[in-house]
Amino acid sequence: MIYTSERTDLKLEIPDVSITEYALRHADRLADKPALIDGPSGRTLTYGQLAGGIKKVAGGLYARGFRKGDVLAIYCPNMPEYALVFNAVASVGGINTTVNPLYTAAELAKQ
């Protein structure tokens, strides 16, 4: 089934950039502002920390031979670092796949 919006009067401009570029487009200006907050702990990553972390992880992946089209399994609970790693992989052109962080080693081996 195809759904269409009843709001045909809305004209959205979708920029031709990656989701990472779009999300961090004002990171320099907002460097000291919270970008991600871990609900249970209250731990915060600022836009500056997020942008810097994404660049560092992406650079590390690239230095280790990770390239466009390569796949990285993220074995991580829902926490700020998840978004950091996800966006680092995407910014290198990699493909993210997720793994249930509750899996045991035996369950993970069957994936």
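According to UniProt numbering, the sequence shown is numbered sequentially starting from 1.
Each residue gets a CB set at the ideal place from its N, CA and C atoms; glycine is no exception.
Treat the numbers as computed from the prediction; the structure is a model and nothing was measured.
Minimum C-alpha distance to residue i - residue among the options
{"i": "residue 154", "options": "Glu-107, Val-71 and Lys-110", "result": "Within the shown structure, residues of the chain are numbered from 1 to 111, placing residue 154 beyond reach of any answer."}
{"i": "Gly-48", "options": "Ile-37, Ser-41 and Asp-32", "result": "Asp-32"}
{"i": "Leu-50", "options": "Ile-2, Ser-5, Phe-86 and Glu-107", "result": "Phe-86"}
{"i": "Leu-30", "options": "Thr-46, Leu-10 and Pro-80", "result": "Thr-46"}
{"i": "Pro-80", "options": "Ile-2, Pro-34 and Arg-64", "result": "Pro-34"}
{"i": "Leu-24", "options": "Gln-111, Ala-106, Leu-84 and Ala-109", "result": "Leu-84"}
Three-state secondary structure (DSSP) of residue i
{"i": "Val-92", "result": "helix"}
{"i": "Thr-44", "result": "strand"}
{"i": "Pro-34", "result": "strand"}
{"i": "Thr-97", "result": "strand"}
{"i": "Ile-54", "result": "helix"}
{"i": "Leu-72", "result": "strand"}
{"i": "Ala-27", "result": "coil"}
{"i": "Phe-66", "result": "coil"}
{"i": "Ile-19", "result": "helix"}
{"i": "Tyr-3", "result": "coil"}
{"i": "Gly-39", "result": "coil"}
{"i": "Glu-13", "result": "coil"}
Residue i classed as buried or exposed, judged by whether at least 16 other C-beta atoms fall within 10 angstroms
{"i": "Val-92", "result": "buried"}
{"i": "Gly-69", "result": "exposed"}
{"i": "Gly-94", "result": "buried"}
{"i": "Val-99", "result": "exposed"}
{"i": "Val-57", "result": "buried"}
{"i": "Tyr-75", "result": "exposed"}
{"i": "Ile-54", "result": "buried"}
{"i": "Thr-20", "result": "buried"}
{"i": "Ala-88", "result": "buried"}
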